[in-house]
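Worksheet: one structure, shown below.
2 protein chains.
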Amino acid sequence: MSGAITQSPRIGIIGTGAIGGFYGLMLARAGFDVHFLLRSEYAAVSDRGLQLNSAVHGALSLNPVQAYANAADMPPCDWLLVGTKTTGNVELAPTIAQVAAPDAKVVLLQNGLDVEDSLREHLPDSLHLLGGLCYICVHRSGPGVVEHQAMGRVNLGYHSGTAANDEVRRQAIVEEGAALFHQAGIDSQAMPNLHQARWHKLVWNVPYNGLSVLLGAGTTALMADESSRELIQALMAEVVQGARACGHEIAASYAEQMFTMTESLTDYWPSMYHDYLHKRPLELAAIYARPLAAARAAGCELPRMQALYQALSFIDRRNS
Amino acid sequence: MSGAITQSPRIGIIGTGAIGGFYGLMLARAGFDVHFLLRSEYAAVSDRGLQLNSAVHGALSLNPVQAYANAADMPPCDWLLVGTKTTGNVELAPTIAQVAAPDAKVVLLQNGLDVEDSLREHLPDSLHLLGGLCYICVHRSGPGVVEHQAMGRVNLGYHSGTAANDEVRRQAIVEEGAALFHQAGIDSQAMPNLHQARWHKLVWNVPYNGLSVLLGAGTTALMADESSRELIQALMAEVVQGARACGHEIAASYAEQMFTMTESLTDYWPSMYHDYLHKRPLELAAIYARPLAAARAAGCELPRMQALYQALSFIDRRNS
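The listed protein sequences correspond, in order, to chains A and B.
Residues 1 to 320 (full-length UniProt numbering) are what the first sequence spells out, left to right.
Residues 1 to 320 (full-length UniProt numbering) are what the second sequence spells out, left to right.
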């Protein structure tokens, strides 16, 4: 009700897992009119609302939740935050088209390279597509319950839409998105180049997501052993090298910073580990195959990352 | 008794696991005077003998076995076949010195590079040290029971001793060793260069030993998946590259042959997997660290093998 009488945009959350749940709850508590599309957790969230146990913000809840089991029942949204797995992006297009207001901004809060590409061709031209890189440690501990261990920043970049060739308008849209998060107390930065921002994020995801599955280890164990530390650093260096080959300079100090930051985390098990555990498909195309293909097209081989990708592909197929 | 009245050499088996058990039993059944040194399986083998279930030779047994729990009780042996793990080579020197005849030939039936080096300095100068590369699929299924799936060839090379600078005598010793195996119906080749022979064997051991542990998979699963096949081939190519950097040419067709041969095996789980399963230390120094260091000293990085080594080191430490 409150959203209807303000000028603030209506926000839709597609996929209310750890990421969608966290950002949706924070935005709703900041006063935005937020609508949540759910599948398996619809009943639980309708009944008991959303619960966030945050090491940063404390224990927060949202109840009642504007929850929907069907996209057809949702009002048109100005901003759509997509927190589903990249492995389902193509199938998601009709849902997004259904709940998007005519000029809506769709933000894929996902890891990996070029995750927007496969979705774009299936979306109406009028929609703006953005990418969001979430620097956050969250996981789902039960239906509608999200555990937030650390951080929260979302870096946004414009992917495609009617503002693609209008730098001023493009920038305004991305800054509008960052402002939404700011109002919810969440750090957010407008990135001039989404592709580059995605390469930056890969510096963390490539080593930690994959090694958590391959070695059955969270960040604490991975950072406590000399061999895994060396392997992580070597993988990070390869991502930096791949980005450079693709024309995106990443400072060596950025990789060092990601490495040091991870040492300070309480034990964190990346999303890929949870996917593995629950026998969901791993996001290998987004995080490994596409960056490897992009680097190779630029004449750059990344042998450790390729080996990790091949090992994970074996594991993924056996796990399905 | 029979051995005492012939001119044939007395053979000692140090470490009667799958490798020592197989070759010792075959040599004993061929009429050689073979003495077995055992630890944990001494009682079982003294009582019930050795049993070989071979897909090649059928079901064979040896009973009674000239079995010993203490090296001090063994007669001096002319040939010593060492089938223990490389991880215990240094500690083995006093035992070998104790059971070796003055001019004995000591053969390390072990995988990996330079496994003789650490042992050599602790052995009497009079002993000849040789290396043996076993192309065989065997594993131990119980005390004194060996399962033999395929192959059996032993390639021998001279490492060090008083014949080191006498090519004719060196060659004669290696051929004498090969002849022993031939008399037991086992294929064996005298190799002019042990170091090169060890690099050849690594073409198989580097991918299959490590990946069996890393991916929890035997050869059938590894050869059935496109990604693991590519990874195996890439690792084999790195070993060939490392050998070349160290001055040992290995034909690309050799790697292809190892790959194709493995496709024809009934599911085989390499020794490193059994070590992992029984929480024994993995032979990482011999199979990974030393070849990597040798290649690096020759200016050659092997990134996939290095990554595999780092991952296995993490697993090995956690497993101990």
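Glycine residues also receive a C-beta, built at the ideal position from the N, C-alpha and C atoms.
In the DSSP assignment, find the alpha helix (DSSP H) that holds Pro143(B) and state where it starts and stops. Looking at the DSSP string, Pro143(B) is not in any alpha helix (DSSP H), and its letter there is neither H nor E.
Got a sec, what are the start and stop residues for the beta strand (DSSP E) Met36(B) sits in? One detail in the question is off: residue 36(B) reads as Phe in this sequence, not Met. First-last of the beta strand (DSSP E) with Phe36(B): Asp33 to Leu37.
Which residues of chain A have a Cβ atom closer than 8 Å to the Cβ of Arg304(B), listed in chain order? Pro303, Arg304, Gln306 and Ala307
In chain A, which residues lie less than 8 Å from Asp267(B) when you measure between Cβ atoms? Chain A residues near Asp267(B): none, gap ~15 Å exceeds 8 Å.
To the nearest angstrom, report how far apart Leu231(B) and Ala237(B) are at their CA atoms. 10 Å
Phe36(B) and Val146(B): beta carbons closer than 8 Å? No; because the gap between Cβ atoms is not below 8 Å, this pair is not in contact.
By the three-class DSSP mapping on this structure, what secondary structure does Met280(A) have? This sequence places Arg at residue 280(A); Met is not what is there. Coil at Arg280(A), not helix or strand.
Distance, Cα to Cα, Leu127(B) vs Gly161(B)? 6 Å
For Ala214(B), collect the residues of the same chain with a Cβ closer than 8 Å to its Cβ; drop the 5 residues on either side in sequence, then sort them by chain order. According to the sequence shown, residue 214(B) is Leu rather than Ala. Leu308, Ala311, Leu312 and Ile315, listed in sequence order.
Mind pulling the chain B residues with CB within less than 7 Å of Ile287(A)? Within 7 Å Cβ-Cβ: nothing; Ile287(A) doesn't reach chain B, min ~15 Å.
Taking 8 Å as the threshold, find out whether the stretch 79 to 89 of chain A comes into contact with the stretch 49 to 59 of chain A through three or more Cβ pairs. no
Beta-bridge pairing of Cys246(A) - partner residues as DSSP gives them: Bridge partners of Cys246(A): none, in fact.
Interface flag, Asp225(A) vs chain B, CB-CB below 8 Å: yes
Just tell me which of Glu283(B), Thr266(B), Leu265(B) and Ser264(B) has its CA closest to the CA of Tyr273(B). Glu283(B)
Residue burial classification, Ser227(A) (beta-carbon count within 10 angstroms, cutoff 16): Result: buried.
Can you give the Cα-Cα distance for Leu113(B) and His148(A), rounded to whole angstroms? In this structure, the alpha-carbon of Leu113(B) lies about 48 Å from that of His148(A).
Can the beta-carbon of Val240(B) be found closer than 8 Å to that of Ala252(B)? yes
How would you label Lys201(B), buried or exposed, when you count the other beta carbons within 10 angstroms and need 16 or more for buried? That one is buried.
Identify every run of the alpha helix (DSSP H) within the stretch 86 to 151 of chain A, keeping only runs that are complete inside it and at least 4 residues long; order them along the chain. List check, alpha helix (DSSP H) in window: 89 to 99 and 117 to 120.
Using 10 angstroms around the beta-carbon of Leu108(A), count the other beta-carbons present and answer buried if the total reaches 16, otherwise exposed. buried
On a Cα-Cα basis, can you pick out the residue from Ser46(A), Leu222(A) and Leu129(A) that is closest to Gln110(A)? Leu129(A)
What is the DSSP secondary structure of Asp166(A), counted as helix, strand or coil? coil
Tell me which residues share the same chain as Asp219(B) and place their Cβ nearer than 7 Å to its Cβ, disregarding the 5 neighbours each side in the sequence. The sequence given here has Thr at residue 219(B), not Asp. Once the five neighbours on either side are set aside, the close Cβ partners of Thr219(B) are Tyr208, Thr262, Leu265, Asp267 and Tyr268.
Hey, does Gln310(A) have any beta-carbon neighbour from chain B nearer than 8 Å? Closer than 8 Å to some Cβ of chain B, the Cβ of Gln310(A) qualifies, so yes.
Can you grab the Cα-Cα spacing for the pair Met305(A) / Ala217(A), in whole Å? 18 Å
Using alpha carbons as the reference points, say which of Val203(B), Gly142(B), Pro94(B) and Ala71(B) lies closest to Met258(B). Minimum Cα-Cα distance from Met258(B) among the listed residues Val203(B), Gly142(B), Pro94(B) and Ala71(B) corresponds to Val203(B).
Beta-carbon of Leu231(A) versus every beta-carbon of chain B: anything under 8 Å? yes
Can you list, in chain order, the residues of the stretch 153 to 187 of chain A whose Cβ is nearer than 8 Å to any Cβ on chain B? Shown here is that no member of the stretch 153 to 187 of chain A has a Cβ falling below 8 Å from a Cβ of chain B.
Asp73(B), DSSP secondary structure in three states: helix
If you run the structure through DSSP and keep just helix, strand and coil, what is Asn205(A)? helix
Please check the pair Gln196(A) and His248(A), which I expect to be a contact at CB under 8 Å, by giving their CB distance rounded to whole angstroms. Correct: roughly 4 Å between the Cβ atoms.
Cβ of Leu214(B) less than 8 Å from any chain A Cβ? yes
Using a C-beta cutoff of 8 Å, does Ile315(A) count as contacting chain B? Yes, Ile315(A) lies at the interface with chain B (some Cβ there is under 8 Å from its Cβ).
Can you tell me whether Pro291(B) is buried or exposed? The criterion is at least 16 other CB atoms within 10 Å of its CB, across all chains shown. Around the beta carbon of Pro291(B), 16 or more other beta carbons lie within 10 angstroms, which makes this residue buried.
Would you kindly check if the distance between the Cβ of Ala245(B) and the Cβ of Gly299(B) is under 8 Å? yes
Could you compute how far the alpha carbon of Gly3(B) sits from the alpha carbon of Pro94(B)? For Gly3(B), the pLDDT reaches just 40, beneath the cut-off of 50, and the residue's location in the model is therefore unreliable, although a value from the coordinates is still provided. The C-alpha of Gly3(B) lies about 25 Å from the C-alpha of Pro94(B).
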